[in-house]
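Colleague:
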Amino acid sequence: MAERRGTVGGPVLTEWFGKPDLHTLDVYRSLGGYSAMQKVVTSMTAQQVIDEVKTSGLRGRGGADFPTAMKWSFVPKDHPGPKYIVVNADESEPGSAKDRYLMENSPHMLVEGAAIASFAIGGHHAWIYIRGEYDLPFEMLRDAIAEAHAKGYLGDHPFGTDYPLDVRLYRGHGAYICGEETALLESLEGKRAQPRSRPPFPALKGAWGMPTAVNNVETLSTVPWIMRNGGAEYAKRGTEKAKGTRMVTVSGDIQRPGNYEIEIGITYRDIIEGLAGGALPGRQLKVFWPGGSSAKVLPASMLDTSTDLDGLKALGTMGGSGGIIVMDDSHCVVKAAARLLRFYAFESCGKCTPCRVGGNWAVRTYERILANEGSQLELGILERVSEGLQNGRCLCGLGDAAGWVIESTYRHFRDEYEDHALRHTCNVGKALAHA
Amino acid sequence: MSTLSAHLLDEIKALPARYPQPRSAVMPALDLAQEELGYLTPEAMTEVATALNLDAGYVEGVATFYTLFHLEPIGKHRFYMCTNLSCTLRGAGEIVEHLRGVIGVKEPGEVSSDGLFSYEEVECMGACEYAPMARVDHRYRYDLTPEKIDQLVAERKSSSSPLSPTLSPEGERGKPKPKRVSRKKSG
């Protein structure tokens, strides 16, 4: 079992959480907020900002785990027209609630991070694309931006400089696919949210055809801390390759569901049994999704798996968006998988064939299995559909994720699948009413 | 005589200037139209298209892609019930069934006989730590129980006060409202 970490060096994102009225500019400022942005715009170059973030080792927390400094450095420095930071606040991954939590507690942290990121890529505008259901975070960000303008932190002369910076909001209207960055950009441009073919990548041709870096809420919310305390200080946290802290949301069959900031490298046992209090009374943990519903499941026997991102990749799964869904022995894996496949089929944008057709095929197959009409044939179909959704056959990751749900639940819980498909029984607890 | 009011159409015509390219105004414009009418009629979508110099079919194509645009009449009060995995594990199915009984409808999208209520079963709304949860009249409701559903419905039946308005594009209309902050301490 890996050494318990989690407390080394203290929290980063949630450092000030719990302070009364942290969402107001006055309180945020009094704690040291906007000092990073002030330092950046008054005394640093864009390259110095990128270098500091590079030192921190910060990687994207939206799920792709891509080095943030590298993403920024891909935006061409000599581009004559506008360049944009687009903030992905379309958090829709089942099991993930951490971006909402960060925005509701400290909206200025995101505004400051987005402004710093704009400066780092040589742009002047950040657009926060926020999912339409997030009414409260939307209102809080709107008010935070207005406060920052009123104080002169945003606008034509932030902190007395001549480097205009603005942060704007754009509301989504309900589409999981907008979490995919090129689909999000299409939506921001007023189109149906269907992923683009790449290349060109957003760094060269992103929002409104201009060079763009798309960053997640948590990623940008981390940036002010890094600029205040230094990249090296951030890099003291975490593992050799996966630096820092990250947010996780723990939900499902668990004693203390919640959002937790963890140091990367602690184990899932530390989170699920430690922070979140473990299984409900009288029940046994059976399976968990380590990083949103799109991450391949791990059985409870693998609770000692590290949250180290590269370690998860080696296991074929991922830390993803940090949404840890826990399920115990009272719930059936096949029904859970069927429910998730309905989600992926419904949210498929329809642009590429494997995802559009494969998802629905899987849903119909699960329906037959759960109606006790299954046989070896249905299990074979699930295996083939799962394979057909993966490994680059789809335009974006949505199809892969659907395939991973089928493949990983089938691999680890073949007995439950065979109970349903071949023996027409469910030997697990109560039924899921909505499976 | 247009479906949408003249002042709303003026407001919609002013939207494109806010964005680097005018087409980005289509969703904020549809939002305004939906706020005024409750749902998007074909006539309303055509008027939005005309106001934005876009093809009517294009605007309808956008409206039909996103789940928060409604193309059929809905209740004055909408219950968006999360039924994704985390909520389902914690009893969302029973909560939805209870709601159906309380408001007297059989399926998602059906409007109650008094016109006050309808519900939708929706995908994850990003508040899994409070499962089962729902979005009711632009606010999240957490840790739902049948009793809480009864209370939410009763409050809305007895109250004649209007809904909190749909949030305007970028929220640039009106003044910031006092906030109600739901915080949960980490760890």
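Residue numbers (this note's numbering), protein chains in the order written: chain A, 611 to 1045; chain B, 26 to 212. By construction, the Cβ of each residue, glycine as well, lies at the ideal position given by its N, Cα and C atoms. It should be emphasised that the depicted structure is a prediction, and the values quoted were computed from it without experimental measurement.
Shortest alpha-carbon distance to G643 of chain A belongs to which of A:Q658, A:A656, A:W626, A:Q657?
Modeller: As a working mapping, residue 643 of chain A is identified with position 33 in the first sequence. Answer by Cα proximity: A:W626.
Colleague: Would you please verify whether the beta carbon of N869 of chain A is less than 8 Å from any beta carbon of chain B?
Modeller: Locating residue 869 of chain A in the first sequence gives position 259, where the first residue counts as 1. Yes, because at least one Cβ of chain B sits closer than 8 Å to the Cβ of N869 of chain A.
Colleague: Let me know if L987 of chain A comes out buried or exposed under the rule of 16 or more other beta-carbons within 10 Å of its beta-carbon.
Modeller: By 1-based counting over the first sequence, the position of residue 987 of chain A is 377. Answer is exposed; the Cβ neighbour count stays below 16.
Colleague: DSSP puts I876 of chain A in a beta bridge; with which residues?
Modeller: Working through the first sequence from its first residue, we reach residue 876 of chain A at position 266. DSSP lists A:I874 as partners of I876 of chain A.
Colleague: When you compare only the Cα positions, how much space is there between T124 of chain B and D175 of chain B?
Modeller: Here the question's residue 124 of chain B lines up with position 99 in the second sequence. Here the question's residue 175 of chain B lines up with position 150 in the second sequence. The question names Thr, but residue 124 of chain B is Leu in the sequence shown. Taking the straight line joining both Cα atoms gives about 8 Å.
Colleague: If we ignore side chains and look at the alpha-carbon of each, how far apart do T170 of chain B and H767 of chain A end up?
Modeller: Within the second sequence, the letter at position 145 stands for residue 170 of chain B. Within the first sequence, the letter at position 157 stands for residue 767 of chain A. Going from the Cα of T170 of chain B to the Cα of H767 of chain A covers about 51 Å.
Colleague: Report, in whole angstroms, the separation of the C-beta atoms of I1016 of chain A and S996 of chain A, which I expect to be a contact under 8 Å.
Modeller: Numbered from its first residue, the first sequence carries residue 1016 of chain A at position 406. Numbered from its first residue, the first sequence carries residue 996 of chain A at position 386. About 4 Å separates the two Cβ atoms, so the contact holds.
Colleague: Exposed or buried, what is F676 of chain A when buried is set at 16 or more other beta-carbons lying within 10 Å of its beta-carbon?
Modeller: Here residue 676 of chain A refers to the residue found at position 66 of the first sequence. Its Cβ having fewer than 16 others within 10 Å, F676 of chain A is exposed.
Colleague: Rank A:A724, A:A758, A:P717 by C-alpha distance to the C-alpha of F748 of chain A and give the top, closest one.
Modeller: Locating residue 748 of chain A in the first sequence gives position 138, counting from the first residue. Among A:A724, A:A758, A:P717, the Cα nearest to that of F748 of chain A belongs to A:P717.
Colleague: What does a CB cutoff of less than 8 Å around G18 of chain B pick up in its chain, not counting 5 residues either side in sequence?
Modeller: Since the first residue of chain B shown is 26 and the last is 212, residue 18 of chain B is not available in this structure.
Colleague: If you drop the 5 nearest sequence neighbours on each side, which residues of the same chain put their C-beta closer than 6 Å to that of H1034 of chain A?
Modeller: Against the first sequence, residue 1034 of chain A aligns to sequence position 424. Contacts found: N982.
Colleague: Going by the CB atoms, is the gap between S807 of chain A and L1005 of chain A shorter than 8 Å?
Modeller: The sequence position of residue 1005 of chain A within the first sequence is 395, counting from 1. The sequence position of residue 807 of chain A within the first sequence is 197, counting from 1. Result yes, Cβ atoms of L1005 of chain A and S807 of chain A sit closer than 8 Å.
Colleague: On the criterion of 16 or more Cβ atoms from any shown chain inside 10 Å, does Q223 of chain B qualify as buried, or is it exposed?
Modeller: Residue 223 of chain B falls outside the range modelled here, since chain B spans only 26 to 212, and no answer is possible.
Colleague: Using a Cβ cut-off of 9 Å, which residues of the segment 801 to 826 of chain A contact any Cβ in chain B, in chain order?
Modeller: Under the 9 Å Cβ criterion, the segment 801 to 826 of chain A contributes K801, R802, A803, Q804, A817, W818, G819, M820.
Colleague: At a Cβ cut of 8 Å, what residues of the segment 102 to 115 of chain B count as close to chain A, listed as they run along the chain?
Modeller: Cβ contacts with chain A: Y105, T108, N109, L110, S111, T113, L114, R115.
Colleague: Looking at C-alpha atoms only, which residue of B:A179, B:L114, B:L93, B:E72 is the closest neighbour of E36 of chain B?
Modeller: Taking the first residue of the second sequence as position 1, residue 36 of chain B is located at position 11. Closest by alpha carbon: B:E72.
Colleague: What residues in the segment 142 to 157 of chain B have a beta carbon less than 7 Å from any beta carbon of chain A?
Modeller: Against chain A - using a Cβ distance shorter than 7 Å - the residues of the segment 142 to 157 of chain B are E148, C149, M150, G151, A152, C153, E154, A156.
Colleague: Please identify, using Cβ separations under 9 Å, the residues of the segment 37 to 52 of chain B that lie next to chain A, in order along the chain.
Modeller: Here the close residues are R43, Y44, P45, Q46, P47, R48, S49, A50, V51, M52.
Colleague: Is the Cβ of V206 of chain B closer than 8 Å to any Cβ of chain A?
Modeller: Indexing the second sequence from 1 puts residue 206 of chain B at position 181. Residue placement at V206 of chain B is flagged as unreliable, the pLDDT there being 42, under the threshold of 50; a coordinate-derived value is accordingly withheld.
Colleague: To which residues does DSSP link P578 of chain A through a beta bridge?
Modeller: The requested residue 578 of chain A does not occur in the structure, where chain A is confined to residues 611 to 1045.
Colleague: In this structure, how does DSSP classify S958 of chain A when only helix, strand and coil are distinguished?
Modeller: Residue mapping note: residue 958 of chain A aligns to position 348 of the first sequence, counting from 1. Of the three classes helix, strand and coil, the one that applies to S958 of chain A here is coil, per DSSP.
Colleague: Which term fits H32 of chain B, buried or exposed, when burial requires 16 or more other beta carbons within 10 angstroms of its beta carbon?
Modeller: Within the second sequence, the letter at position 7 stands for residue 32 of chain B. Per the 10 Å Cβ criterion, exposed.
Colleague: Just how far apart, CA to CA, sit P41 of chain B and G800 of chain A?
Modeller: The count along the second sequence starts at 1 and reaches residue 41 of chain B at position 16. The count along the first sequence starts at 1 and reaches residue 800 of chain A at position 190. Near 11 Å, if we compare the C-alpha coordinates of G800 of chain A and P41 of chain B.
Colleague: Restricting to runs no shorter than 4 residues, where is the alpha helix (DSSP H) found entirely within the segment 840 to 865 of chain A?
Modeller: Entirely contained in the segment 840 to 865 of chain A, the alpha helix (DSSP H) runs reaching 4 residues are, in chain order, 841 to 845.
Colleague: I want to verify the contact list: residues of chain B whose CB lies under 8 Å from the CB of F956 of chain A, in sequence order.
Modeller: Residue 956 of chain A sits at position 346 when you count from the first residue of the first sequence. Correct list: E148.
Colleague: Show which residues of chain A have a CB atom less than 8 Å away from the CB atom of V87 of chain B.
Modeller: Position 62 of the second sequence, counting from 1, holds the residue named residue 87 of chain B. By Cβ distance, chain A contributes G800, K801, R802.
Colleague: Whole angstroms are fine: how far does the CA of G667 of chain A sit from the CA of P190 of chain B?
Modeller: One-based indexing of the second sequence puts residue 190 of chain B at position 165. One-based indexing of the first sequence puts residue 667 of chain A at position 57. Its pLDDT being 45, under 50, P190 of chain B is placed unreliably in this model, and the value from its coordinates should be taken loosely. Approximately 43 Å between the Cα atoms of the pair.
Colleague: Given a threshold of 16 other Cβ atoms within 10 Å of its Cβ, counted over all protein chains shown, does Q658 of chain A qualify as buried or as exposed?
Modeller: Working through the first sequence from its first residue, we reach residue 658 of chain A at position 48. That one is exposed.
Colleague: At a threshold of 7 Å, does S30 of chain B count as lining the ligand NAD (C-beta to nearest heavy atom)?
Modeller: The ligand NAD is not part of the structure shown, which contains no ligands of any sort.
Colleague: Let me check understanding here. Comparing Cα to Cα, which of A:R781, A:S653, A:E743 lies closest to M52 of chain B?
Modeller: Your numbering for residue 52 of chain B matches position 27 in the second sequence. Selected option, being the one with the closest Cα: A:R781.
Colleague: Between R160 of chain B and chain A, is any beta-carbon pair separated by less than 8 Å?
Modeller: Stepping through the second sequence from its first residue, residue 160 of chain B is reached at position 135. True, the Cβ-Cβ gap to chain A drops below 8 Å.
Colleague: Starting from F104 of chain B, trace the beta strand (DSSP E) in both directions and tell me its first and last residue.
Modeller: The residue you call residue 104 of chain B lines up with position 79 of the second sequence. Note, F104 of chain B: beta strand (DSSP E), 102 to 107.
Colleague: Quick check on the DSSP output: the beta strand (DSSP E) that includes M937 of chain A runs from which residue to which?
Modeller: Within the first sequence, the letter at position 327 stands for residue 937 of chain A. 933 to 938 is the span of the beta strand (DSSP E), which, as asked, contains M937 of chain A.
Colleague: Counting contacts by CB-CB distance shorter than 8 Å, is G765 of chain A in contact with chain B?
Modeller: For this step, residue 765 of chain A is matched to residue 155 along the first sequence. Output row for G765 of chain A: interface = no.
Colleague: Could you please tell me which residues of the segment 778 to 796 of chain A, in chain order, have their CB closer than 8 Å to any CB of chain B?
Modeller: The segment 778 to 796 of chain A vs chain B, Cβ under 8 Å: R778, L779, Y780, R781, G782, H783, G784, A785, Y786.
Colleague: Within its chain, find whatever has a CB closer than 6 Å to the CB of P909 of chain A; leave out the 5 residues flanking it on each side and keep chain order.
Modeller: Counting from one through the first sequence, the residue named residue 909 of chain A turns up at place 299. If we look at P909 of chain A and ignore the five residues flanking it on each side, its Cβ neighbours are V897, H1022.
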